[in-house]
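So the sequence lines, in the order shown, correspond to chains R and U.
The first sequence begins at 273 in our numbering and counts up by one.
The second sequence begins at 273 in our numbering and counts up by one.
Scroll down for the structure; my scribbles are underneath it.
Protein chains: 2
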Amino acid sequence: MVTQRQLEEREMRRQRILQGALRVYQRDGIEKATMDGIAKEAGFGKATLYYYFESKEEIFVELLRSGWEQIWESVESILEVPGTPRTQFAAILKSLAHRISRDPAFYGFLFQAPTQLTGLPAERQTWRKHQNRMYGVLRGLLEDGIAQEEFPRVDSELLLRAIGGLFHGLFFLGTGGQDITDENMDLFLDNLFSGSSVAMETES
Amino acid sequence: MVTQRQLEEREMRRQRILQGALRVYQRDGIEKATMDGIAKEAGFGKATLYYYFESKEEIFVELLRSGWEQIWESVESILEVPGTPRTQFAAILKSLAHRISRDPAFYGFLFQAPTQLTGLPAERQTWRKHQNRMYGVLRGLLEDGIAQEEFPRVDSELLLRAIGGLFHGLFFLGTGGQDITDENMDLFLDNLFSGSSVAMETES
DNA sequence: GTAATTTTCGAATTGACAGTCGGAAAGTAG
DNA sequence: CTACTTTCCGACTGTCAATTCGAAAATTAC
Chain R
273 MVTQRQLEER
283 EMRRQRILQG
293 ALRVYQRDGI
303 EKATMDGIAK
313 EAGFGKATLY
323 YYFESKEEIF
333 VELLRSGWEQ
343 IWESVESILE
353 VPGTPRTQFA
363 AILKSLAHRI
373 SRDPAFYGFL
383 FQAPTQLTGL
393 PAERQTWRKH
403 QNRMYGVLRG
413 LLEDGIAQEE
423 FPRVDSELLL
433 RAIGGLFHGL
443 FFLGTGGQDI
453 TDENMDLFLD
463 NLFSGSSVAM
473 ETES
Chain U
273 MVTQRQLEER
283 EMRRQRILQG
293 ALRVYQRDGI
303 EKATMDGIAK
313 EAGFGKATLY
323 YYFESKEEIF
333 VELLRSGWEQ
343 IWESVESILE
353 VPGTPRTQFA
363 AILKSLAHRI
373 SRDPAFYGFL
383 FQAPTQLTGL
393 PAERQTWRKH
403 QNRMYGVLRG
413 LLEDGIAQEE
423 FPRVDSELLL
433 RAIGGLFHGL
443 FFLGTGGQDI
453 TDENMDLFLD
463 NLFSGSSVAM
473 ETES
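Next comes the structure, spelled out in structure tokens:
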């Protein structure tokens, strides 16, 4: 028989292992991150990790899944606030920017690790569900915004890739640069959307 | 005694190995790329690779070095044509875009592999010389362009990161999207620079 | 208490892979 | 043809790291 407390403690230990894995990832990268390193960082023996997770891969997949789930939930709550495609799109980017500036290491992991986890069967990429939903929403907002002349009239897929890249560049490329501020973020969004007629809400 | 022909044949075999390594990299990623795989792809026995290269690392470093050298040379030749910071900057991006569309796999490697080759001592990162020169030129052009009001008045380092990211997004993010056309490239450059006063040359 | 269950982990085991070795094959010179 | 150089490679070695094993320690139930 397992009590509620036991379940909670179990869950806390899982979280402790996940946090240790994240720190090792930051220090060593995903390929160099070893189970020995994670075990030491989390304060368990190596074999104990296998009591809580199936494999090294499962640890990183779980980090991705829960992270993208969080992102998706925040996107969902933004969509509940009425607005034009453009204001909603900008609100999502600003919310993301805000989250990233709070915890750059974790979001760096969320955005970069998927490209480094090669050769996973699709059904194991459990974070993809939420990731795709978010990109789907963004693409939809862009398409609506283009239809309503709020955005430049270009292929929405390319526009999404461009904006995604720009975002990625601002936050993750370049090793030691200063963090981006809210003001700069607004400046870039303004600039990006400068061709259209509707003014953006850039006050925080 | 070695004849000229022998030297040329040796060089061709080196190239064949490099090309094989590139194909394996595309298929498996840099960490999963094994010497056995490269040997098979290039049509040699594994031990023969070590007759031509010191190590696996040297193979990939050499691919990067020669690739960035080519890029740098094309940038240099663009700089010899007189123009404003803005036209030169745009010309460099267009030239890069053109190269990338000719050989996406190779340029994907040139832009992505450096972030995956971790823990190399600085002196072994032989491609950095040309890479830094190119970014230095771009940053300089942005700074001059900002001073001359050809670009929006923001921190040049952030602008470079943003543009670099945008570029990266257009060409490398998103898995199976269609290739970007010259027209779309022009459209994006126009849009990017829309805040300023000077019209761009977008005819090819 | 002590039997049952849960949690822990050091010590093997296993598989993958970079790099080496010793010699064979192929090519060249005279 | 023979001596010499260049090129090639299958089999082996050593290392590193994921995963498993078997049992000990800690906790819980009665």
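Even for Gly, the Cβ is constructed at its ideal location relative to N, Cα and C.
Checking contacts by CB at 8 Å: is H440(U) closer than that to chain R? So, interface residue.
So, does the CB of L430(U) fall closer than 8 Å to a CB anywhere in chain R? Interface residue, yes.
Between the region 400-423 of chain R and chain U, which residues of the former have a C-beta closer than 8 Å to a C-beta of the latter? Result list empty, no residue passes.
Is the beta carbon of I435(R) less than 8 Å from the beta carbon of R425(R)? No, the pair does not count as a contact, with Cβ atoms beyond the cut-off.
List the endpoints of the continuous alpha helix (DSSP H) containing G417(R). In this chain, the alpha helix (DSSP H) harbouring G417(R) covers R400 to A419.
Assigned secondary structure, A305(R) (DSSP; H/G/I helix, E/B strand, else coil): Note: A305(R) maps to coil in three-state DSSP.
Taking only three categories from DSSP, how would you classify S327(U)? The DSSP-derived three-state label of S327(U) is coil.
Would you say G380(R) faces chain U, with C-beta separation under 8 Å as the test? Closer than 8 Å: no.
Under 8 Å between C-beta atoms, does E303(U) make it to chain R? For E303(U), the answer is yes, since a Cβ of chain R falls inside 8 Å of its Cβ.
Given the structure, does G436(R) come close to the ligand GTP, in the sense that its CB is under 7 Å from one of the ligand's heavy atoms? The ligand GTP is absent from the structure shown, which contains no ligand whatsoever.
Could you say if the region 352-369 of chain R and the region 321-339 of chain R meet the contact criterion of at least three C-beta pairs nearer than 8 Å? Contact annotation: the region 352-369 of chain R does not touch the region 321-339 of chain R, with fewer than three C-beta pairs closer than 8 Å.
Where M273(U) falls: helix, strand or coil (DSSP): Assignment of M273(U) by DSSP, reduced to helix, strand and coil, places it in the coil class.
At least one CB of chain R closer than 8 Å to the CB of G513(U): is that the case? Residue numbering for chain U in the displayed model covers 273 to 476; residue 513(U) lies beyond these limits and cannot be assessed.
For the putative contact between Y336(U) and P386(U), defined by C-beta atoms under 8 Å, what is the C-beta separation to the nearest angstrom? What sits at residue 336(U) in the sequence shown is Leu, not Tyr. About 7 Å separates the two Cβ atoms, so the contact holds.
In chain R, which residues lie with their C-beta within 7 Å of the C-beta of E390(U)? First, the residue type needs correcting, since residue 390(U) is Thr and not Glu in the sequence shown. Residues of chain R whose Cβ lies closer than 7 Å to the Cβ of T390(U) are, in chain order, G301 and K304.
Suppose contacts are defined by Cβ-Cβ distances below 8 Å. Is Q388(U) in contact with I302(U) by that definition? Yes; because the gap between Cβ atoms is below 8 Å, this pair is in contact.
Please check the pair G292(R) and E313(R), which I expect to be a contact at CB under 8 Å, by giving their CB distance rounded to whole angstroms. About 4 Å separates the two Cβ atoms, so the contact holds.
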